[in-house]
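Following: one structure in structure tokens, then a few remarks.
There are 2 protein chains.
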Amino acid sequence: MKKLEDSLTLQLLRSRESAMQFFRPILQETGFTEQQWRVIRVLNDNKQMDAKQLAERCCILSPSLTRIISRFESEGLIIRNRSEHDQRITLLSLSDKASEIFKEVSPKIDQAYATLIGKLGEEKMQQLSRLLTEVTKLTP
Amino acid sequence: MKKLEDSLTLQLLRSRESAMQFFRPILQETGFTEQQWRVIRVLNDNKQMDAKQLAERCCILSPSLTRIISRFESEGLIIRNRSEHDQRITLLSLSDKASEIFKEVSPKIDQAYATLIGKLGEEKMQQLSRLLTEVTKLTP
DNA sequence: GCAAAGTACTTAATTTGTTAACTAATTAAT
DNA sequence: ATTAATTAGTTAACAAATTAAGTACTTTGC
């Protein structure tokens with residue numbers, strides 16, 4: 001059997017590391033960690049989500065999310081509500097303050113994104129995005 | 001400006017998470033963590049490397065690598081040597097014991113890999129690999 | 001309708017990652 | 001030549017990830 005020159009998971013890790021370098025300086029400025037920003041980003045797109053969904057979409061395990069949420073709540077960035085239908089479920093949404101911060105940072109992120117696309121090329125970017133979506137769908 | 005449905009870095013993270021699910025059960029058996037296995041895997045491919053190169057290729061920061069190396073050395077899995085030309089550099093290589101372990105685990109990894117390729121398709125796999133290599137090369 | 005199983009978090013303990021400061025060795029600059 | 005700057009690696013302090021166990025609520029099965 002032919003030996004692969006490199007493992008896919010390692011390639012995914014390295015390429016993510018490269019891609020992150022476009023955004024790290026911006027995150028550094030905001031003071032948010034990568035994980036914290038993922039939470040803000042995903043919550044901004046989905047207005048309201050329960051903690052489990054949010055954890056899945058952010059690739060953050062529940063215990064880590066609990067910590068981030070607790071901190072954000074105490075800082076007035078996130079609003080935590082119990083679902084009426086199911087008292088186990090925590091519904092989460094961004095506060096106006098957090099939405100405001102997102103609006104301020106977002107253009108810088110978009111700009112870095114544009115730089116990245118500029119370097120890789122629009123077409124390759126879309127190709128890559130499609131393939132990654134397929135890989136993500138491989139497991140339930 | 002058109003809003004992207006999802007960020008590349010998050011897609012890379014999620015797809016890696018999916019891909020990892022094929023290998024996690026095997027790693028669990030061995031008792032190695034993801035990072036530890038990356039060190040063993042990369043060192044097995046490159047016979048001898050200095051710590052900096054190894055850290056870069058494994059996407060592990062030096063302090064974390066120091067810890068892993070120290071532990072592996074005390075367990076007799078890794079051999080640490082000073083470079084003759086430059087006394088700052090630590091040259092690392094797998095012990096016979098570690099090579100043996102790699103040989104035992106490797107077939108299982110290959111098998112999981114084959115399953116993954118089977119699900120995604122050989123061609124898409126190669127396409128993806130090429131694109132990821134390009135992304136990795138975007139930053140120095 | 002009530003015990004048993006399942007779900008959605010949360011808490012606690014351990015390991016790992018991250019940042020910054022530090023030591024030792026080498027290279028560069030005047 | 002000797003100080004200054006750079007590089008490789010380590011150490012220390014803190015934040016985050018991971019695993020396992022725990023709590024509260026809901027659904028299922030008899």
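Chains as they are written, first to last, in the UniProt record's numbering: chain A, 1 to 140; chain B, 1 to 140. The beta carbon of each residue, even a glycine, is placed where N, CA and C say it ideally should be.
- Taken through DSSP and simplified to helix, strand or coil, L91 (chain A) comes out as strand.
- By a beta-carbon distance limit of 8 Å, A51 (chain A) does not contact S64 (chain A). Their separation comes to about 11 Å.
- Counting only the Cα atoms, E84 (chain B) lies some 40 Å from L13 (chain B).
- Scanning A:L132, A:R80, A:C58 for the CA closest to the CA of I89 (chain A) turns up A:R80.
- With a threshold of 9 Å between beta carbons, V135 (chain B) makes contact with chain A.
- Annotation for Q11 (chain A): the continuous alpha helix (DSSP H) segment containing it runs 8–20.
- DSSP places I79 (chain A) within a strand segment (E or B) once states are collapsed to three.
- S18 (chain A) reaches chain B at V135, T136, L138, T139, counting residues in chain order whose Cβ is nearer than 7 Å.
- The three-state secondary structure of D45 (chain B), taken from DSSP, is helix.
- Identification of residues in the segment 117–128 of chain B having a C-beta nearer than 8 Å to some C-beta of chain A yields K119, L120, K124, M125, Q127, L128, given in sequence order.
- Contact annotation: G118 (chain B) and K97 (chain B) have beta-carbon atoms that are not nearer than 9 Å.
- In this model, I69 (chain B) and W37 (chain A) are separated by some 32 Å (Cα to Cα).
- For T9 (chain A), the chain B residues whose Cβ falls inside 8 Å of its Cβ are R16, A19, M20, F23, in order along the chain.
- Cβ contact annotation for K108 (chain B) (same chain, cutoff 7 Å, sequence separation greater than five): I26, in chain order.
- Segment contact: the segment 40–56 of chain B against the segment 14–25 of chain B, fewer than three CB-CB distances shorter than 8 Å; contact not assigned.
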